[in-house]
Amino acid sequence: MKISRKDTLDMTKGSPVRVLFLFGVPVILSNLFQQLYNLIDSFIVGNYLGADALAAVGLAGTITAVMVQMASGLALGASVVIAQYFGAGKWEKIRVCMVTICTFSVGAGILATVLAQIFAKEILLLVKTPSEVMTDSVNYLTIYFWGSIAVFLYNALHAVYIAMGDSRTPLYFLLMAFFLNIAGDLFFIVTCSMGTGGSALATTLSQGICTLLSLLVLEKKMHRMGMKKIEHIFDKAEFVRMMRIAVPAALQQSVVSFGNVCVQTVINGFGPAVMAGCSAANKAVNLVSTIPINWGNALSNYVSQNIGAERPERITKGVQVSLAVTGGLSLGMVAVMEWMPEAIIGWFVEGKGAEEVIRVGAAYLKVTAWFLVIFSGYMILKSVFKGVGDMNWFVGLTLGSLGVRVLCTFFLTPLMGERMLWWSIVIGWCVVFVPAVWHYAGGKWKGQRVI
Numbered sequence: 002m003k004i005s006r007k008d009t010l011d012m013t014k015g016s017p018v019r020v021l022f023l024f025g026v027p028v029i030l031s032n033l034f035q036q037l038y039n040l041i042d043s044f045i046v047g048n049y050l051g052a053d054a055l056a057a058v059g060l061a062g063t064i065t066a067v068m069v070q071m072a073s074g075l076a077l078g079a080s081v082v083i084a085q086y087f088g089a090g091k092w093e094k095i096r097v098c099m100v101t102i103c104t105f106s107v108g109a110g111i112l113a114t115v116l117a118q119i120f121a122k123e124i125l126l127l128v129k130t131p132s133e134v135m136t137d138s139v140n141y142l143t144i145y146f147w148g149s150i151a152v153f154l155y156n157a158l159h160a161v162y163i164a165m166g167d168s169r170t171p172l173y174f175l176l177m178a179f180f181l182n183i184a185g186d187l188f189f190i191v192t193c194s195m196g197t198g199g200s201a202l203a204t205t206l207s208q209g210i211c212t213l214l215s216l217l218v219l220e221k222k223m224h225r226m227g228m229k230k231i232e233h234i235f236d237k238a239e240f241v242r243m244m245r246i247a248v249p250a251a252l253q254q255s256v257v258s259f260g261n262v263c264v265q266t267v268i269n270g271f272g273p274a275v276m277a278g279c280s281a282a283n284k285a286v287n288l289v290s291t292i293p294i295n296w297g298n299a300l301s302n303y304v305s306q307n308i309g310a311e312r313p314e315r316i317t318k319g320v321q322v323s324l325a326v327t328g329g330l331s332l333g334m335v336a337v338m339e340w341m342p343e344a345i346i347g348w349f350v351e352g353k354g355a356e357e358v359i360r361v362g363a364a365y366l367k368v369t370a371w372f373l374v375i376f377s378g379y380m381i382l383k384s385v386f387k388g389v390g391d392m393n394w395f396v397g398l399t400l401g402s403l404g405v406r407v408l409c410t411f412f413l414t415p416l417m418g419e420r421m422l423w424w425s426i427v428i429g430w431c432v433v434f435v436p437a438v439w440h441y442a443g444g445k446w447k448g449q450r451v452i
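Last residue of the sequence shown: 452 (this note's numbering), numbering continuous.
Following this line, the structure appears as structure tokens:
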């Protein structure tokens, strides 16, 4: 089968440096714009609705992250399997996997929507949501979850694009979502005075539109590549194969998000100012960490294709390039976050209570910035294990980092105060970095594959 360059990128051939840049840069830019439209949400909410509304959206965002991370984890199984099939040249299997994971994602999205409408307030009470932000949090959460199908389905479609080496098309859709979300925020919050519900509605609509267009474009791409429609919308054998990767990943992602919710209960105990400060700082850190996380995602697909093609010797060079790129960029971000932390946090909020929010957020940034290089190395090595299907180490390292953070937060915060809220994060990074290096150096991961 002849496949055009605009449809895929074969990462089993050519210079590892070149293919990683061609594939990795659009992946980073896609997620950068995803983070940016989250930042725009916070900017508009904080400046038009105030600090309490910002705290409510930040709290609700921690809960919605459970669903988003589960959707991402489920899609990961499809991405690893399809990328290995692509590297092995088994084109007919790609179409089967794509249809199967999309069917499953729609069902998962429907279930998430129903559960959220029933239990939204109970979930918020469980995490000790302050009464002053309860109404805004419920409003945001219930509206956001109406877009659950779009979240699950978009993640599945994104996984298929990425697995076949097409990182540009998802970038175009993220750009569209970025501008749609900004326009929606301004319309629903400023013009229609819908409060935090307007922010959720803007996000839901932008995701829904881009998901529909993404599906239509992928169908056209499959047809152009000669992948004919299949008779069945669900293949049990391929579903089981994908779930061997997806279930551990989804459970890991969900446990991580649940752990973040647990940490949020401690943060909530310090009141709205600390909640808003941590929320703003966390968004800034998420923006910076987009580079190592998503370069790692690109590396993971590079690894999967080369394992599928039985070319593990290319992986070492790819890892060296990745460590150099993400480490250097992380050092640059350290300088920015240390130089102007107050200005960064001040961008999110103004008015009553802003000074205390800025103090908390700036302290958060000053600590976490110095450890971003370690975080980058950890993410790159973990991505190698994900790409080959070594899920025991991939999941174990993530849960190890989370476990350290949760323990430090619950047991040391009462003794050392609010600063342990951010110190617990970097301690978790440092603890798991050492075993990640040890396992990579040992080389046993090279014998792993899932097809």
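The beta carbon of each residue, even a glycine, is placed where N, CA and C say it ideally should be. What you are looking at is a predicted structure, and each value in this text was computed from that prediction instead of being measured.
Asked                                                                                                                             : Found
Among Val326, Gly272, Ser301, Ser305, nearest to Ser132 - alpha-carbon criterion                                                  : Gly272
Test item: CB-CB of Pro342 and Leu398 under 9 Å                                                                                   : no
DSSP-derived helix/strand/coil call for Cys193                                                                                    : coil
Alpha helix (DSSP H) segments (min. 4 residues) lying fully within the region 389–450                                             : 392–417, 421–443
Where His224 falls, given that 16 or more other Cβ within 10 Å makes a residue buried                                             : exposed
contact_flag[the region 21–34, the region 165–172] where n(CB pairs < 8 Å) is 3 or more                                           : yes
Test item: CB-CB of Ala281 and Gly59 under 9 Å                                                                                    : yes
Euclidean distance between Cα positions of Leu400 and Phe174                                                                      : 31 Å
Inter-residue spacing [alpha-carbon to alpha-carbon] between Lys445 and Ser323                                                    : 20 Å
Assigned exposure category for Gln70 - 16 Cβ within 10 Å defines buried                                                           : buried
8 Å contact criterion, which Tyr155 and Cys211 should meet: CB distance rounded                                                   : 7 Å
Under 9 Å between C-beta atoms of Ile381 and Trp430                                                                               : no
Span separating the alpha-carbon of Ala113 from that of Ile41                                                                     : 26 Å
The region 360–380 contacting the region 331–338, beta-carbon criterion three pairs below 8 Å                                     : yes
Inter-stretch contact (C-beta, 8 Å, three-pair minimum) for the region 108–123 and the region 88–95                               : no
C-alpha distance - Ser73 paired with Ala247, whole-angstrom precision                                                             : 9 Å
Residue from Ser331, Leu330, Gly297, Glu311 whose Cα sits closest to the Cα of Val320                                             : Gly297
Coil, strand or helix - His159 by DSSP                                                                                            : helix
Close-in-space but distant-in-sequence residues of the same chain around Asn32 (CB under 6 Å, 5 per side omitted)                 : Thr291, Asn295
Contact set for Ser200: own chain, Cβ-Cβ below 8 Å, skip 5 residues either direction                                              : Asp42, Ile45, Val46, Val58, Tyr141, Asp186, Phe189, Ile190
The alpha helix (DSSP H) enclosing Asp53, as first and last residue numbers                                                       : 52–89
Contacts around Ala117, its chain only, beta-carbon distance under 6 Å, and the 5 residues preceding and following it disregarded : Phe146
The ligand ZN heavy atom lying under 8 Å from the CB of Pro342                                                                    : In terms of ligand content, the structure shown is empty, and the ligand ZN therefore cannot be addressed.
Simplified DSSP assignment, three categories, for Glu93                                                                           : helix
CA-to-CA distance, Thr317 to Val407, given in whole angstroms                                                                     : 33 Å
Three-way DSSP call (helix, strand, coil) for Ala364 in this model                                                                : helix
Residues of its chain near Ile144, where Cβ-Cβ distance is below 6 Å and the 5 sequence neighbours each way are ignored           : Gly198, Ala201, Leu202
From Val161, Gly388, Lys129, Arg19, residue whose alpha carbon lies closest to that of Ile95                                      : Val161
Pro313, enclosing alpha helix (DSSP H) - first and last residue                                                                   : Element bounds for Pro313: n/a, residue is neither H nor E.
Limits of the alpha helix (DSSP H) - the one that Ser16 falls within                                                              : Counting along the chain, Ser16 falls outside any alpha helix (DSSP H), and DSSP gives it neither H nor E.
Limits of the alpha helix (DSSP H) - the one that Val134 falls within                                                             : 132–145
Terminal residues of the alpha helix (DSSP H) in which Ile345 lies                                                                : 342–347
Cβ neighbours of Ser5 in the same chain (closer than 7 Å, five flanking residues each side left out)                              : Note that Ser5 scores 43 on pLDDT, short of 50, meaning its location in the model is unreliable; the coordinates nonetheless yield the value given after this. Same-chain partners within the cutoff: there are none.
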